[in-house]
Amino acid sequence: MNVNECNNIEPLFSSFGTRFLGCSLSHLMSYQNRVPSAKLRTTDAYTLLIDTRRNIGWIALADDGSKHSSLNAIFDLEALARDENRSEKEFTAFLDQLRAHKWRTDGNNLGFDEWTYSKK
1 MNVNECNNIE PLFSSFGTRF LGCSLSHLMS YQNRVPSAKL RTTDAYTLLI
51 DTRRNIGWIA LADDGSKHSS LNAIFDLEAL ARDENRSEKE FTAFLDQLRA
101 HKWRTDGNNL GFDEWTYSKK
């Protein structure tokens, strides 16, 4: 089964619009400067921005993130798209449910570009 077939049968995340995964931090911040209504969230592992009016989301990953940083970032982006706040406890429960259903969470292929940023 290819990735598209799998996603149609058992999607991990909804499709709220366009996502730029693994974008450059400067690209993300330049959009945030032009559209102040966009929602920005920054953690130690990633920075994300969502423009809910246009259904566009950006995720920039820090270069020292964990193996679950990209999954956590998309989890948070989905929550912001629905105007919800999610806790670390909820993300951990989400991971536990994935593992209970035999999903591999130690590595993923979520379609992120190669961009990362350093916090130095």
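Each residue of the sequence shown is one higher than the one before, starting from 1 at the first, in full-length UniProt numbering.
All C-beta atoms in this analysis are idealised placements derived from N, C-alpha and C, irrespective of residue type, glycine included.
Just so we're clear, the structure is a prediction, and the values are computed from it rather than from any experiment.
Listed as beta-bridge partners of Thr47 by DSSP are Thr42 and Ala60. According to the DSSP assignment, Arg19 belongs to the beta strand (DSSP E) that extends over Thr18 to Leu21.
Around the beta carbon of Arg53, fewer than 16 other beta carbons lie within 10 angstroms, which makes this residue exposed. In this structure the region 89-98 does not lie against the region 50-65, because fewer than three pairs of beta carbons, one per stretch, are closer than 8 Å. The three-state secondary structure of Thr92, taken from DSSP, is helix. The residues Lys67, in chain order, have a CB closer than 7 Å to that of Asp106 in the same chain once the five nearest residues on each side in sequence are set aside. Closest by C-alpha distance to Asp76, out of Ser26, Glu114 and Trp58, is Trp58.
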